[in-house]
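Quick notes on the structure that follows.
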Amino acid sequence: MDFTFSPEQEALRDSVRRFVEREYDWDRRLAVIRSADGVDPAHWGTFAELGWLGAGLAEEAGGFGGGAVENAVIAAELGRGLVTEPFVGHVMAARLLAGSDRIEPLVMGETRIVPALTEAAGRGDWRVVATRAEGQVLHGTKTLVEGACQATHVLVTAHAEAGLGLYLVGTAAPGVAITPYRTLDNRRVADVTLNGAEATLLVAGAEAEAAVEDAVDHGMLALCSEALGVMEAALWATRDYVRVRKQFGTAIGNFQAIQHRMADMMIELEMARSILFHALGAAEVGDALARAAAVSAAKATFARAGVFVGAQAIQLHGGIGVTEELAISHHYRRLFVIARQLGDADLHLARFATAVDAQG
Amino acid sequence: MQAAYSPEDDAFRQEIRAFIAQNLPDDLKRRGRYDYHHRRDDQARWMGILAEKGWSVPHWPVAHGGPGWNGVQRFIFEEEMRLGYAPTVDRIGTELVAPVLYTFGSAEQHERWLPGIRTGTTFWAQGFSEPGAGSDLSSLRTRADRDGDHYVLNGQKTWTTEGHHADMMFVLARTNQDAKPQAGISALLVDLTAPGITRRPIWTLDEGLTVNEFFFDDVRVPAANLVGEEGAGWTYAKFLLGNERTNSAEVPHTKRDIAQLREIARVEQRGGRPLIEDPGFRAKLAQIEIDTLALEYAVLRALSEGEHGGGAVASLVKVRGSELRQRVADLALDALGDRGLAVCANPEGHHRMFDDGLTPPVPDHGFGIAAKAMFRRATTIYGGANEIQRTLIAKTVLEL
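Chain order of the listed sequences is A and B.
With the numbering used here as the guide, the letters of the first sequence map in order to residues 1 to 360.
With the numbering used here as the guide, the letters of the second sequence map in order to residues 361 to 760.
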């Protein structure tokens, strides 16, 4: 076994880290999240230019030869900087379009195609699909769609008589309504309502189910890795703070109550990192049940550990921790949302248990 | 990044599994299922079988009889041993004392003591804790005064794990009363049949015998039994405890306990259905399995990076591992329902505190579960209490 990154992966990590340091300092991030779109339109072009949009995709699929680990490396650094670009959605879209003629413009950043898979009734469970397909025409509403306002197309699941289908829908097509809103972590999302919208069927039946499951699992790996970056940023910022914040004549980091709380944060962080590595390994092996068990194990872990670390970071900062002004509250909000995106801890505990039983 | 077991790892696992299936005697396996206190005769028999195969001391250097496995292979071996209900070996001798001996001991000491540990003929105890020196080990008071070619040992040791099985004890004693607390400590190898030694069992809440106390009254220890240098005992103790903490993650034990828990939950029922189908139970079981998986990969990360991954990783996995051992044992007890509350000693076990002459109506799969759950309270205390580990993490990793 080997849990180290290759020199290429380290170079990729450094490249994303440099971008975050250079382009994404606190004031510039603030300007972005207060802007109309909630993202800086120039950044996506940079992502494409630096090769990040194809880094996590095999060459035969139209990428640059990497996999889940490359996506995880990128997502962790974006998480560290609380970058709002919808990278996790891109990971899912790229898996769904892998090998097709739509992949090249996607990884070049020329087209923007985003997944729109979840619905309100599913509470994060992408397998709950009430959207209907009548021939090539769709009816239904997808929720929490990131990047919908910038997208040319969305990837939508819908049920036809023959079973589940994965469809491509143009966002400007008649019958498509986009309702943007902001989530707690200052991300711009939208509901995509399809009211007789014309769509192109990409894949159907069991093949569609498998493709969506694969894409969502890979998206969750990137999402967990993003959470890892956020957790690390929150933990070390807290460590630095308790070293300098003085009360009763001494730095509060000298108090054992604070030290033990921080040790618990460190334990949660390292356990989460470890299970993410396990899930990244399982995703490469190719067995769908093993992948589902491992990814859900990771998602359930990050749902709990992320919120724990974020909440303790606020607690140890004291009053300043709950302000808008400090990054810590933004770390917490992102971790809080990630814990629920694509299914909460309960959903993934159950999915893990089912997958383990099915493996026998 | 190669974060999954390789085909070679899987083949290695099959080899170990097949060996256990063919060579573990049935009576040892049966008692292994019932009881976490293995009998010395069972341990010695199994050690003999393993030694013949060359597998009794997986982590020793090849020069001293180790099989030359890497960390991941040792981990797989340990897991298969536990899943197969094989007796544990004399872990204090093989995992704690021997590494100190072959790292710091003399050639004569290697020759004299290592073969007995490797073949399971000599069992060891560790004489560290004292009534006034638990987590704060440097305040120990047992003294060893030089008298010609002997040391004269006086004092008391307590919480001596498996001391009732031991022939020899690795004792920390103060050889210099004037030096600073940590500098005056030396390590001695003490023959427990020597005159002047009294052992007393300490019965624990599981009604089992794990720990003992020893009293030393003018015990004469040959000077040749001093390990390394006089006054360097603290260094050797820290080395030894570092190994203990990494082992204290106990992932193989916990995975075996989970497998056993699943067996119980398939048989036990709630509301007319197997317990394993109950949503509340499933969620608790899944959480334990997921936390164990995370811990397993934390340990594998440490093992693949180096021998023991350093002190900080050892502390992290010790805290989580010891908590998990408690959680899985408690859930197994819960799974037994009313039957989990009955005292049911292993009828074939040795060292029973008290025989009430009663036969509790506990199903076969429930034997030993309650006692295990009770004794697991000790896991967060021994090997350096978890509070000590948290302080270590804060100091070494977080630099607070």
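Don't be surprised by glycine CBs; every beta carbon is placed ideally from N, CA and C.
The model shown is predicted, which means the values in this text are computed figures rather than measured ones.
Following the DSSP letters along the chain, one finds LYS142 (chain A) inside the beta strand (DSSP E) bounded by residues 137–146. In the pairwise beta carbon analysis, the segment 220–240 of chain A is classified as touching the segment 334–347 of chain A: at least three pairs are separated by under 8 Å. Per the coordinates, the alpha-carbon of ALA404 (chain B) lies some 58 Å from the alpha-carbon of ALA208 (chain A). Bridge partners of ASP507 (chain B) according to DSSP: B:HIS510.
The contact set of PHE336 (chain A) on chain B, defined by CB atoms closer than 9 Å, is empty, because the minimum CB distance reaches about 20 Å. Residue state for PHE302 (chain A) is assigned as helix, using DSSP reduced to three classes. Using beta-carbon distances, MET361 (chain B) counts as an interface residue toward chain A, with a partner under 8 Å.
Looking at the DSSP output, ALA485 (chain B) sits in a beta bridge with B:MET529. In this structure GLU610 (chain B) is buried. Its beta-carbon is surrounded by 16 or more other beta-carbon atoms within 10 angstroms. Beta-bridge pairing by DSSP links ILE562 (chain B) to B:VAL571. For THR751 (chain B), the enclosing alpha helix (DSSP H) starts and ends at 746–756. Under the rule that a run must span 3 or more residues, the beta strand (DSSP E) segments found entirely inside the segment 154–199 of chain A read 163–170, 176–182 and 188–198. Three or more Cβ pairs closer than 8 Å define a contact, and the segment 418–436 of chain B meets that threshold against the segment 364–379 of chain B. Taking C-beta atoms as the reference points, LEU326 (chain A) and ILE258 (chain A) fail to come closer than 8 Å. The residue among A:ALA197, A:PHE352, A:ALA120 and A:VAL16 with its C-alpha nearest the C-alpha of ALA292 (chain A) is A:PHE352.
Using a Cβ-Cβ cut-off of 8 Å, ALA658 (chain B) counts as an interface residue toward chain A, since at least one Cβ of chain A sits closer than that to its own. Shown here, PHE379 (chain B) sits in a helix according to DSSP, grouped into three states.
Counting every other CB atom within 10 Å of its CB across the protein chains shown gives LEU565 (chain B) a total below 16, marking it as exposed. With the criterion set as a beta carbon lying under 8 Å from some beta carbon of chain A, the segment 572–589 of chain B has no members that meet it. ARG580 (chain B) has B:VAL512 as its beta-bridge partners, per DSSP.
The closest CA to that of PHE47 (chain A), considering only A:ALA116, A:ARG18 and A:ASP240, is found on A:ARG18. Sequence-ordered contacts of the segment 385–407 of chain B with chain A are nonexistent [C-beta pairs closer than 7 Å]. Secondary structure at SER6 (chain A): coil, using DSSP grouped into helix, strand and coil. Among the residues facing chain A, SER682 (chain B) is not included, as its CB has no counterpart in that chain under 8 Å away. Comparing alpha carbon positions, the residue from B:ARG501, B:VAL679 and B:THR454 closest to ASP538 (chain B) is B:ARG501. Look at ALA297 (chain A): its C-beta is under 8 Å from a C-beta on chain B.
Under the Cβ criterion of 8 Å, GLU270 (chain A) is counted among the residues facing chain B. Under the 10 Å beta carbon count, GLY508 (chain B) is surrounded by fewer than 16 other beta carbons and is classified as exposed. For the pair of segments examined, the segment 654–666 of chain B was found to touch the segment 417–436 of chain B: the number of CB pairs separated by less than 8 Å reaches three. For a Cβ distance threshold of 9 Å, residue set MET1, ASP2, PHE3 and THR4 of chain A lies close to SER664 (chain B), ordered along the chain. According to DSSP, PRO634 (chain B) shares a beta bridge with B:GLN629. At least 8 Å separates the CB of GLN629 (chain B) from every CB of chain A. The residue among A:ASP191, A:PHE255 and A:VAL154 with its C-alpha nearest the C-alpha of GLU119 (chain A) is A:ASP191.
By the Cβ-count criterion, GLU522 (chain B) is buried, with 16 or more other Cβ atoms from all chains shown falling within 10 Å of its own Cβ. Measuring C-alpha to C-alpha distances from ASN383 (chain B) to each of B:ARG400, B:ARG399 and B:ILE409 identifies B:ILE409 as the nearest.
Leaving aside the five residues that flank ARG399 (chain B) on each side, the residues in its chain whose CB is nearer than 6 Å to its CB run, in chain order, HIS710.
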